[in-house]
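Here the structure comes first, spelled out in structure tokens, and everything after it is commentary.
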Amino acid sequence: MAAVASSVADQGVAAFTNIIVLVVAARLSTAAGFAVFSMVYMVFTVLLGVNVSYVGQALVLERGSRRVRAACRSAVVFTAVASAVLGWGMAGALLLLPGTTARGLAVLGLVLPVVLTQDGMRYCFSALRLPHLALAADVVRLLVAVPALAVQPQGAGAVRLVAVWGLSGVPALVVGAALLRHRLRGAPGEARPPVDLRAYLRRGHLGQRFVVEFGVGNATSQLAVVGLGLFAAPLAVGALRGATTLFGPMNVLFNSATAFGPPLLNRVRGTDDKVRVTAVLAVVLATVATAWTVVLMLLPPHAGRALLGDTWAASSALLPASGSQYACIALGTSALLTLRVLRPRATLPIQVVFSLASVLFMLAGYRLDGVLGAAWGLALGSALKAVALWLRIAAERRAVNATPSPAS
1 MAAVASSVAD QGVAAFTNII VLVVAARLST AAGFAVFSMV YMVFTVLLGV NVSYVGQALV
61 LERGSRRVRA ACRSAVVFTA VASAVLGWGM AGALLLLPGT TARGLAVLGL VLPVVLTQDG
121 MRYCFSALRL PHLALAADVV RLLVAVPALA VQPQGAGAVR LVAVWGLSGV PALVVGAALL
181 RHRLRGAPGE ARPPVDLRAY LRRGHLGQRF VVEFGVGNAT SQLAVVGLGL FAAPLAVGAL
241 RGATTLFGPM NVLFNSATAF GPPLLNRVRG TDDKVRVTAV LAVVLATVAT AWTVVLMLLP
301 PHAGRALLGD TWAASSALLP ASGSQYACIA LGTSALLTLR VLRPRATLPI QVVFSLASVL
361 FMLAGYRLDG VLGAAWGLAL GSALKAVALW LRIAAERRAV NATPSPAS
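Numbering (our numbering), first residue to last: 1 to 408.
Here it is, written out as structure tokens:
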């Protein structure tokens with residue numbers, strides 16, 4: 001239970017850090033400046049998700065103390081090298097382009113090895129069953145990043161804020177590396193586990209499948225929002241990102257359910273009982289999302305401006321749509337959890353179809369009614385995905401119940 005509590009707390013601290021970073025940036029920036037910061041931060045979120053999927057999710061499936069230590073060493077080195085190659089290459093290309101967005105993305109490239117490697121260490125601690133050490137490093141990240149941003153002058157540009165945010169991860173990176181180094185040495189007299197970077201480039205590496213699922217399930221819609229900002233309306237990204245920031249506590253709940261749901265659900269016997277448990281979870285999470293939406297809609301304007309600054313006016317208008325989307329995400333998250341246990345291979349086709357549909361709905365909604373239409377388009381896509389997932393669960397349930405038991 002202590003390990004579970006530490007893991008949940010660590011996810012909460014990491015999510016809270018992201019929320020506070022965006023809130024502080026929104027308060028310091030103009031609406032246009034926060035729109036640029038949001039686009040840069042969304043690109044980082046996509047890159048972070050790719051790294052978590054390709055390296056982190058495969059890492060936590062390793063078993064055996066020596067094998068885990070070797071995998072952790074390889075994961076840290078691979079993340080540092082790959083993020084440096086990608087980030088510094090991106091910075092070199094974008095520094096030659098004009099515009100604040102290009103400069104902000106270039107600075108992101110420069111600090112990418114710091115922020116990705118520090119976050120990747122969380123999965124090493126998880127694989128080593130030491131989540132309290134990940135929590136310690138992430139608390140350092142929170143305690144350094146927020147004050148570093150808060151002391152920036154009012155009206156600070158997006159490029160400066162990205163640089164400060166990225167460099168504020170150095171202390172947490174140092175703390176995490178120091179804590180991790182001692183745990184990866186192995187027993188006295190035991191040879192140091194080797195670093196194998198080629199494992200991440202071999203065909204069939206588990207991370208490749210996880211990246212595909214992330215790409216169609218999350219990255220597609222996020223990149224579509226970035227594209228919307230680059231080619232249509234930059235302020236739309238700030239408004240959508242601001243609304244998403246307000247629902248940060250729901251993301252903590254969704255991530256916790258995804259992380260700890262499968263092992264707990266596997267303890268429940270019988271397909272019908274598993275479905276009932278996750279159906280109750282779906283109702284609870286959707287109810288919490290609805291209640292949180294009501295709380296946000298009842299916030300007085302001065303409280304909203306204290307949270308998001310100039311961005312509040314645009315983001316608050318999206319709350320009904322974003323709240324509906326998060327209620328549907330709650331239903332879909334519970335359904336995905338169920339299928340991961342009952343039929344893991346059934347999730348990818350649904351993710352592909354309805355994630356692409358969400359992008360099309362968002363773009364069509366923007367064309368019909370601007371950023372509000374885009375928000376409702378995302379909500380519609382999440383609703384249809386949830387319906388499709390629960391229909392697939394019903395089909396799997398019928399198939400299991402129709403199969404004669406061995407005793408008969």
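Think of the CB as a built atom: it goes at the ideal place given N, C-alpha and C, for glycine as much as any other residue.
Where Arg398 falls: helix, strand or coil (DSSP): Reading the sequence shown from its first residue, position 398 is the one you call residue 398. In the structure shown, Arg398 sits in a helix (DSSP, three-state: H, G or I).
Cα separation between Glu213 and Met121? Working through the sequence shown from its first residue, we reach residue 213 at position 213. Working through the sequence shown from its first residue, we reach residue 121 at position 121. About 22 Å.
Under 6 Å Cβ to Cβ from Ala374, same chain only, skipping five residues before and after it: list those, please. Within the sequence shown, the letter at position 374 stands for residue 374. If we look at Ala374 and ignore the five residues flanking it on each side, its Cβ neighbours are Met362, Gly365 and Tyr366.
Determine the closest residue to Met250 out of Gly207, Thr271 and Leu296, with distance taken between C-alpha atoms. Position 250 of the sequence shown, counted from the first residue, corresponds to residue 250. Here the closest residue by C-alpha is Leu296.
How many Å lie between Asp196 and Ala71 at the Cα? The residue given as residue 196 occupies position 196 in the sequence shown. The residue given as residue 71 occupies position 71 in the sequence shown. Each residue's alpha carbon lies about 8 Å from the other.
Exposed or buried, Ser65, counting other C-beta atoms within 10 Å across all chains shown (16 or more means buried)? As a first step, residue 65 is located in the sequence shown; it is residue number 65 there, counting from the start. Ser65 should be labelled exposed.
Would you tell me roughly how many angstroms separate the C-alpha atoms of Gly270 and Phe210, rounded to the nearest one? Translated into positions along the sequence shown, residue 270 becomes position 270. Translated into positions along the sequence shown, residue 210 becomes position 210. Each residue's alpha carbon lies about 27 Å from the other.
Minimum C-alpha distance to Asn401 - residue among Leu331, Ala327 and Asp272: Counting from 1 along the sequence shown, the entry for residue 401 is found at position 401. Closest option to Asn401, Cα to Cα, is Asp272.
Residue environment, Gln118, which counts as buried when at least 16 other CB atoms sit within 10 Å: Position 118 of the sequence shown, counted from the first residue, corresponds to residue 118. By the neighbour-count rule (16 or more Cβ atoms within 10 Å), Gln118 is buried.
Between the beta-carbon of Thr17 and the beta-carbon of Arg141, is there less than 8 Å? Position 17 of the sequence shown, counted from the first residue, corresponds to residue 17. Position 141 of the sequence shown, counted from the first residue, corresponds to residue 141. For Thr17 and Arg141, yes; Cβs fall inside 8 Å.
At which residues does the alpha helix (DSSP H) containing Gln208 begin and terminate? Numbered from 1 along the sequence shown, position 208 holds the residue referred to as residue 208. For Gln208, the enclosing alpha helix (DSSP H) has its first and last residue at Leu206 to Phe214.
If contact is defined by three or more beta carbon pairs under 8 Å, each pair taking one atom from either stretch, is the stretch 32-41 in contact with the stretch 103-113? yes
Counting only the same chain and skipping the five closest in sequence on each side, list residues whose C-beta sits under 6 Å from that of Ser408. Residue 408 sits at position 408 when you count from the first residue of the sequence shown. Caution applies to Ser408, whose pLDDT of 44 falls short of 50 and renders its modelled position unreliable; the value that the coordinates give is listed next. Non-local beta-carbon contacts of Ser408 in its own chain, meaning distances under 6 Å to residues more than five positions away in sequence, are absent.
Where does Thr431 sit, in a helix, a strand or coil, going by DSSP? This structure cannot settle anything about residue 431, because the visible part of the chain is limited to 1 through 408.
Going by alpha carbons, who is nearest to Arg73 out of Gly89, Arg183 and Ala137? Taking the first residue of the sequence shown as 1, we reach residue 73 at position 73. The residue among Gly89, Arg183 and Ala137 with its C-alpha nearest the C-alpha of Arg73 is Arg183.
When the distance is taken between beta carbons, is Val175 closer than 8 Å to Ala137? The sequence position of residue 137 within the sequence shown is 137, counting from 1. The sequence position of residue 175 within the sequence shown is 175, counting from 1. For Ala137 and Val175, yes; Cβs fall inside 8 Å.
Alpha carbon to alpha carbon, what distance is there between Ala156 and Leu97? As a first step, residue 97 is located in the sequence shown; it is residue number 97 there, counting from the start. As a first step, residue 156 is located in the sequence shown; it is residue number 156 there, counting from the start. Answer to the nearest angstrom: the Cα atoms are 21 Å apart.
DSSP three-state assignment for Leu246, whether helix, strand or coil: Stepping through the sequence shown from its first residue, residue 246 is reached at position 246. Of the three classes helix, strand and coil, the one that applies to Leu246 here is helix, per DSSP.
May I have the straight-line CA-CA distance separating Thr412 from Gly33, to the nearest angstrom? In the structure as shown, the chain starts at 1 and stops at 408, and residue 412 therefore has no counterpart that could be examined.
Residue nearest to Thr30 in terms of C-alpha spacing, selected from Pro131, Pro153, Val111 and Ala279: Within the sequence shown, residue 30 is the residue found at index 30, counting from 1. Of the listed residues, the one whose Cα sits closest to Thr30 is Pro153.
Could you check the C-alpha separation between Gly323 and Ser382 for me, to the nearest Å? Counting from one through the sequence shown, the residue named residue 323 turns up at place 323. Counting from one through the sequence shown, the residue named residue 382 turns up at place 382. So the alpha carbons of these two residues sit roughly 11 Å apart.
By DSSP, does Ser408 sit in helix, in strand, or in coil? Walking along the sequence shown from the start, residue 408 turns up at place 408. Because Ser408 sits at a pLDDT of 44, beneath the cut-off of 50, its placement in the model cannot be relied upon, and the following sentence gives the value as read from the coordinates. Three-state DSSP puts Ser408 in coil, outside helix and strand.
Neighbour-count burial assignment, Arg67, 16 or more Cβ in a 10 Å radius: Taking the sequence shown and counting its residues from 1, one reaches residue 67 at position 67. Exposed, because fewer than 16 other Cβ atoms sit within 10 Å of the Cβ of Arg67.
Checking 8 Å against the spacing of the C-beta atoms, do Leu337 and Ala257 come in under that value? Translated into positions along the sequence shown, residue 337 becomes position 337. Translated into positions along the sequence shown, residue 257 becomes position 257. In this structure, Ala257 lies closer than 8 Å to Leu337 by Cβ.
Buried or exposed: where does Pro131 fall if 16 or more other Cβ atoms within 10 Å of its Cβ makes it buried? In the sequence shown, counting from the first residue as 1, residue 131 sits at position 131. By the neighbour-count rule (16 or more Cβ atoms within 10 Å), Pro131 is buried.
Are the stretch 290-308 and the stretch 341-359 touching, with three or more C-beta to C-beta distances below 8 Å? no
Nearest to Gly87 by CA position, among Ala282, Arg203, Leu48 and Glu62, is which residue? Along the sequence shown, read from residue 1 onward, the residue named residue 87 stands at position 87. Ranking Ala282, Arg203, Leu48 and Glu62 by Cα distance to Gly87 puts Leu48 first.
Other residues of its chain near Leu133: CB distance less than 7 Å, five sequence neighbours each side excluded: Along the sequence shown, read from residue 1 onward, the residue named residue 133 stands at position 133. Here Leu133 has Phe125 and Leu179 as same chain residues with Cβ atoms under 7 Å from its own Cβ, once five neighbours each way along the sequence are excluded.
So, helix, strand or coil for Asp196, using DSSP? Here residue 196 refers to the residue found at position 196 when the sequence shown is read from its first residue. Asp196: coil per DSSP, three-state reduction.
Every unbroken alpha helix (DSSP H) inside the stretch 291-370 [4 residues or more]: Within the stretch 291-370, the complete alpha helix (DSSP H) segments at least 4 residues long are 301-308, 312-316 and 319-342, listed from N- to C-terminus.
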